[in-house]
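There are 2 protein chains.
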Amino acid sequence: MPSVPRASTSSGGDPGRLDELPTPALVVDKGALDRNLATMAGVWPGRRLRPHVKAHKTSGLARRQAELGHTGFTCATIREVEVMAAAGLGEDLLLANEVLDMRRLGAVVEAGARVTVAVDSDAVLQAAVAGGVREVLIDVNVGLPRCGCDPQDAGRLADAARAAGLEVRGVMGYEGHLMLVADPVERAEKTAGAMALLQKAHADVGGDILSGGGTGTWRTNAVVTELQAGSYALMDTAYAAQDDVPFEQSLTVLATVISVNASQGYAVADAGLKAFGMDHGNPTLPGHAVWYCSDEHTIFSPKDGAPLPALGDRVRFVPAHIDPTCALHERMWMVEGDDVVDCWPVDMRGW
Amino acid sequence: MPSVPRASTSSGGDPGRLDELPTPALVVDKGALDRNLATMAGVWPGRRLRPHVKAHKTSGLARRQAELGHTGFTCATIREVEVMAAAGLGEDLLLANEVLDMRRLGAVVEAGARVTVAVDSDAVLQAAVAGGVREVLIDVNVGLPRCGCDPQDAGRLADAARAAGLEVRGVMGYEGHLMLVADPVERAEKTAGAMALLQKAHADVGGDILSGGGTGTWRTNAVVTELQAGSYALMDTAYAAQDDVPFEQSLTVLATVISVNASQGYAVADAGLKAFGMDHGNPTLPGHAVWYCSDEHTIFSPKDGAPLPALGDRVRFVPAHIDPTCALHERMWMVEGDDVVDCWPVDMRGW
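Residue numbers (the UniProt record's numbering), protein chains in the order written: chain A, 1 to 351; chain B, 1 to 351.
Given below as structure tokens:
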């Protein structure tokens with residue numbers, strides 16, 4: 001491996017400064033992150049929250065969540081389960097996703113972590129048995145066209161799981177199709193309808209857990225025993241548009257202006273579409289119009305007659321979707337003002 | 001680090017089989033890749049091609065290109081330069097991008113590789129001197145609103161570079177705004193116009209090199225002394241729509257069907273928007289309609305009344321843009337039919 005760029009290390013040594021970081025770089029405002037974590041913990045304290053690590057893929061950030069009492073976590077991939085367990089955060093890991101080869105998960109259980117998996121079919125149930133995973137949630141389709149069994153089939157599946165020797169801890173159902181319903185009242189009504197399906201399935205399944213929800217329904221989901229929110233920590237612009245979602249944008253992508261075209265009135269920064277999750281569109285830059293992104297560049301111009309930036313200036317883009325943005329970076333830098341105070345590897349990337 | 005999923009290793013051991021690969025996985029059809037490499041080498045042989053490694057970020061694939069005689073390469077990031085040099089492929093590396101801190105590049109030069117950088121301003125020129133890079137190309141704006149100096153300023157910049165002790169090898173200008181002009185005749189005319197700007201700048205700059213072009217203009221750019229094509233090896237669907245671009249789609253993303261909803265007529269595969277570059281939109285699946293992608297899932301249905309896939313079936317998605325797709329994966333698997341014949345780490349990711 002070649003040398004890895006570094007302005008400071010995660011433990012000890014002189015803290016670096018923002019203007020010394022190699023770019024592009026994920027930058028997290030520590031104050032905003034701390035406020036987001038505290039706000040959520042105030043409403044969903046301790047084990048009532050099962051933070052979803054897919055949003056940040058960073059065990060350092062998960063550790064902060066665990067220190068606040070959220071010691072159970074939600075994962076989307078086997079890799080996320082493996083890294084969380086290896087980081088000593090394996091007290092109660094839920095893989096909220098279907099997997100047909102669970103041997104790597106069985107190895108994590110064997111090594112001492114607690115792993116529960118989502119099950120929506122007999123094939124996945126058999127995979128749990130074959131792979132050495134012993135605890136499951138019945139994954140119920142509550143309206144999002146994705147995984148999850150028919151609510152009517154949940155009881156039968158739970159019986160089959162128990163007959164196969166599995167422990168059924170309850171149900172999960174993710175109302176992902178409702179996260180971005182703009183009107184909070186409408187969102188609450190539709191969430192209640194989706195959660196009624198989950199409750200009905202739970203009546204047939206049993207167990208202690210009704211797991212679901214997310215950042216968009218943190219105030220409207222009154223049914224789940226544990227909320228699977230993840231985005232609230234670093235935040236997405238789509239959620240920020242909602243009146244009842246008060247979390248702050250704590251993550252930005254730092255870039256350097258590497259070229260300026262004065263005659264055409266634009267500047268070029270060294271963070272492009274390989275530094276941003278692009279599924280929700282281009283990143284934004286407050287006070288500027290983003291023209292387009294190419295692989296390693298974003299081209300932009302100031303609004304309202306403001307002056308062009310100078311060569312070497314630093315700018316901080318707001319990505320349109322943080323989850324895939326984090327997945328493109330090797331590390332995130334924690335900053336307080338202009339000071340870099342910590343560096344966390346984004347260590348749950350890949351599969 | 002947790003265990004890394006592997007079905008086979010890159011050297012020795014039993015070759016694996018496609019249906020044993022962990023998913024999602026980048027899969028390269030070796031036959032199609034070989035044909036693409038041969039077709040390009042037939043028209044742009046040896047050093048006439050300077051393959052752009054940003055498209056695949058994989059030194060194993062670059063080594064194949066070098067074996068065909070293309071021993072000079074184009075890079076977009078410092079990391080790409082570092083990894084290529086460390087892989088022994090540093091005979092003539094061009095960083096076709098502006099950088100304001102070249103110390104890491106100077107270290108690569110110090111270690112014995114040849115590194116030439118693009119320069120479009122006095123500040124970047126000074127960065128080359130300060131960082132210990134000794135060879136440059138003057139980067140000329142030929143119509144793409146991105147980096148590159150005004151063609152009128154190229155001669156002055158070359159003089160300044162030489163006065164600062166740098167070797168000026170020539171000019172580069174990338175007609176990226178013309179790559180996807182649909183009509184080949186119109187594309188050729190506009191390319192000629194852009195390249196006339198590059199030729200004029202070259203007359204003022206001197207040097208042996210006119211570098212530019214790409215997969216989209218491989219047949220229409222008659223001016224450059226070296227073509228910077230990268231996409232041709234693995235191919236993008238956008239280029240494939242062009243009549244005069246005959247390269248085959250050799251890269252797909254392998255996924256497993258993990259859930260099937262028979263009543264609603266859709267299936268769920270375990271490759272989502274973190275497995276695909278999404279800036280050009282959703283991936284495609286021949287014979288199927290892709291409904292949407294979420295982080296770790298793609299939801300799709302068969303067209304024309306075809307049956308739903310079964311749980312556990314493997315499907316191969318065509319990503320809409322390969323460059324950022326490769327940047328999301330740790331390795332790519334080479335396959336011949338159902339046999340996995342090699343595995344290359346995607347070792348130039350990050351910055």
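Glycine included, C-beta positions come from ideal geometry on N, C-alpha and C.
For B/Glu248, name the three-state secondary structure that DSSP assigns. Looking up residue 248 of chain B in the second sequence gives position 248. It is coil, neither helix nor strand.
Note down the Cα distance separating B/Ala163 from B/Leu157, rounded to an integer number of angstroms. Sequence index remark: in the second sequence, residue 163 of chain B carries index 163 (1-based). Sequence index remark: in the second sequence, residue 157 of chain B carries index 157 (1-based). Taking the CA atoms as reference points, B/Ala163 sits about 10 Å from B/Leu157.
For B/Gly31, which residues from the same chain have a beta carbon less than 7 Å from its beta carbon, with the 5 sequence-adjacent residues on both sides left out? In the second sequence, counting from the first residue as 1, residue 31 of chain B sits at position 31. Excluding positions up to five away in sequence, the list reads Glu336.
What do you reckon, is the C-beta of A/Pro51 under 7 Å from a heavy atom of the ligand NAD? Absence of the ligand NAD is noted for the structure shown, with no ligands found whatsoever.
Quick one: using the 10 Å Cβ neighbour count with 16 as the cut-off for buried, is B/Arg169 buried or exposed? On the second sequence, residue 169 of chain B is found 169 positions in, with the first residue counted as 1. It is buried - the Cβ of B/Arg169 has at least 16 other Cβ atoms within 10 Å.
Are any of the Cβ atoms in chain A nearer than 8 Å to that of B/Tyr239? The residue labelled residue 239 of chain B in the question sits at position 239 within the second sequence. It does not: the Cβ of B/Tyr239 has no partner Cβ on chain A nearer than 8 Å.
Against chain B, with Cβ distances strictly below 8 Å, would A/Met278 count as a contact? Numbered from its first residue, the first sequence carries residue 278 of chain A at position 278. It does; some Cβ of chain B falls within 8 Å.
Neighbouring residues, chain B, relative to A/Ile299 (Cβ below 8 Å): For this step, residue 299 of chain A is matched to residue 299 along the first sequence. Within chain B, the residues near A/Ile299 are Pro145 and Arg146.
Extent of the continuous alpha helix (DSSP H) to which A/Gly72 belongs: Indexing the first sequence from 1 puts residue 72 of chain A at position 72. It is not in any alpha helix (DSSP H) - A/Gly72 instead sits in the beta strand (DSSP E) that spans Gly72 to Cys75.
Based on the DSSP secondary-structure assignment, which residues constitute the bridge partners of A/Pro302? Numbered from its first residue, the first sequence carries residue 302 of chain A at position 302. Note: A/Pro302 is bridge-paired with A/His288 in the DSSP secondary-structure output.
Can you find a CB in chain B that lies within less than 8 Å of the CB of A/Asp338? Your numbering for residue 338 of chain A matches position 338 in the first sequence. By this cut-off, A/Asp338 is not an interface position.
Please determine if the region 214 to 228 of chain A and the region 184 to 197 of chain A are in contact, where contact requires at least 3 C-beta pairs separated by less than 8 Å. Yes, since at least three Cβ pairs between the region 214 to 228 of chain A and the region 184 to 197 of chain A fall closer than 8 Å, the two stretches touch.
Return the CA-CA distance between B/Ala269 and B/Val315, expressed in angstroms with no decimal places. As a working mapping, residue 269 of chain B is identified with position 269 in the second sequence. As a working mapping, residue 315 of chain B is identified with position 315 in the second sequence. When rounded, the distance between both Cα atoms is 8 Å.
Flag B/Lys303 as yes if its beta-carbon sits less than 8 Å from any beta-carbon of chain A, otherwise no. Residue mapping note: residue 303 of chain B aligns to position 303 of the second sequence, counting from 1. Taking Cβ atoms only, chain A never reaches closer than 8 Å to B/Lys303, which makes this a no.
When you compare the CB positions of A/Val253 and A/Leu89, do they come within less than 8 Å of one another, or not? As a first step, residue 253 of chain A must be located in the first sequence, where it is residue number 253. As a first step, residue 89 of chain A must be located in the first sequence, where it is residue number 89. Their beta carbons are not under 8 Å apart, which means A/Val253 does not touch A/Leu89 by this criterion.
Which runs of the alpha helix (DSSP H) at least 4 residues long sit entirely within the region 75 to 145 of chain A? Give them in chain order. Within the region 75 to 145 of chain A, the runs of alpha helix (DSSP H) at least 4 residues long that lie entirely inside it are, in chain order, 78 to 86, 103 to 110 and 122 to 131.
Taking the DSSP output, what are the residues bridged to A/His297? If you number the first sequence from 1, residue 297 of chain A lands on position 297. A/His297 pairs with A/Ser294.
Within chain B, partners of A/Gly60 - CB distance below 8 Å: For the purposes of this step, residue 60 of chain A is taken as the residue at position 60 of the first sequence. Neighbours of A/Gly60 in chain B, taken as residues at a C-beta separation under 8 Å, are lacking, since the least C-beta distance is about 15 Å.
B/Val185: which of B/Leu125, B/Gly212 and B/Gly216 sits nearest, CA to CA? As a position in the second sequence, residue 185 of chain B is number 185, starting the count at 1. The option with the nearest alpha carbon to B/Val185 is B/Gly216.
According to the Cβ coordinates, are A/Asp150 and A/Ala127 closer than 8 Å? Taking the first sequence and counting its residues from 1, the one referred to as residue 150 of chain A is at position 150. Taking the first sequence and counting its residues from 1, the one referred to as residue 127 of chain A is at position 127. Between A/Asp150 and A/Ala127, the C-beta spacing is not below 8 Å.
Straight-line gap, B/Ala233 to B/Asn36 (C-alpha atoms, nearest Å): Position 233 of the second sequence, counted from the first residue, corresponds to residue 233 of chain B. Position 36 of the second sequence, counted from the first residue, corresponds to residue 36 of chain B. Each residue's Cα considered, the two are about 6 Å apart.
Beta-carbon spacing of A/Val83, A/Ser59 below 8 Å: Sequence index remark: in the first sequence, residue 83 of chain A carries index 83 (1-based). Sequence index remark: in the first sequence, residue 59 of chain A carries index 59 (1-based). Yes. Within cutoff.
Residues bridged to B/Val181 (per DSSP): Position 181 of the second sequence, counted from the first residue, corresponds to residue 181 of chain B. BP columns for B/Val181 are empty, so no partner.
Within 10 angstroms of the Cβ of A/Val318, are there 16 or more other Cβ atoms? Answer buried if so, exposed if not. Counted from its first residue, the first sequence places residue 318 of chain A at position 318. Buried is the call here.
Please state whether DSSP places A/Thr23 in a helix, a strand or coil. Position 23 of the first sequence, counted from the first residue, corresponds to residue 23 of chain A. Coil at A/Thr23, not helix or strand.
For A/Met40, which of helix, strand or coil comes out of DSSP? The residue given as residue 40 of chain A occupies position 40 in the first sequence. A/Met40: helix per DSSP, three-state reduction.
7 Å Cβ cut-off: residues of chain B touching A/Tyr266: By 1-based counting over the first sequence, the position of residue 266 of chain A is 266. Ordered by position in chain B, the residues that pass the 7 Å Cβ test against A/Tyr266 are Pro145.
C-beta atoms of A/Val109 and A/Gly132 nearer than 8 Å: In the first sequence, residue 109 of chain A corresponds to position 109, counting from 1. In the first sequence, residue 132 of chain A corresponds to position 132, counting from 1. Their beta carbons are under 8 Å apart, which means A/Val109 touches A/Gly132 by this criterion.
If I measure Cβ to Cβ from A/Val260 and keep anything under 6 Å in the same chain, skipping five residues before and after, which residues do I get? If you number the first sequence from 1, residue 260 of chain A lands on position 260. The beta carbon of A/Val260 lies closer than 6 Å to those of Ala267, Leu308 and Leu311 in the same chain, with the five residues before and after it left out.
Which word fits A/Ala255, buried or exposed, when buried means at least 16 other C-beta atoms lie within 10 angstroms of its C-beta? By one-based count along the first sequence, residue 255 of chain A stands at place 255. Using a 10 angstroms sphere on the CB of A/Ala255, the tally of other CB atoms reaches 16 or more, which defines it as buried.
Which whole-angstrom value describes the C-beta separation of B/Ser301 and B/Gly265, a residue pair presumed to lie in contact below a C-beta threshold of 8 Å? Looking up residue 301 of chain B in the second sequence gives position 301. Looking up residue 265 of chain B in the second sequence gives position 265. Contact holds; Cβ gap of about 5 Å.
Run of the beta strand (DSSP E) containing A/Glu167, from where it starts to where it stops: Numbered from its first residue, the first sequence carries residue 167 of chain A at position 167. Segment Glu167 to Gly173, the beta strand (DSSP E) holding A/Glu167.
Should A/Leu105 be labelled buried (16 or more other beta-carbon atoms within 10 Å of its own) or exposed? As a first step, residue 105 of chain A is located in the first sequence; it is residue number 105 there, counting from the start. Counting the other Cβ atoms within 10 Å of the Cβ of A/Leu105 gives 16 or more, which makes it buried.
Does any C-beta atom of chain B lie closer than 8 Å to the C-beta of residue 353 of chain A? The shown model of chain A, from 1 to 351, leaves out residue 353 of chain A, and the question about it has no answer.
If we cut at 8 Å on Cβ distances, does A/Ala327 have a partner in chain B? Taking the first sequence and counting its residues from 1, the one referred to as residue 327 of chain A is at position 327. It does; some Cβ of chain B falls within 8 Å.
Is DSSP giving residue 352 of chain B helix, strand or coil here? This structure gives no information on residue 352 of chain B, because the portion of chain B shown stretches from 1 to 351.
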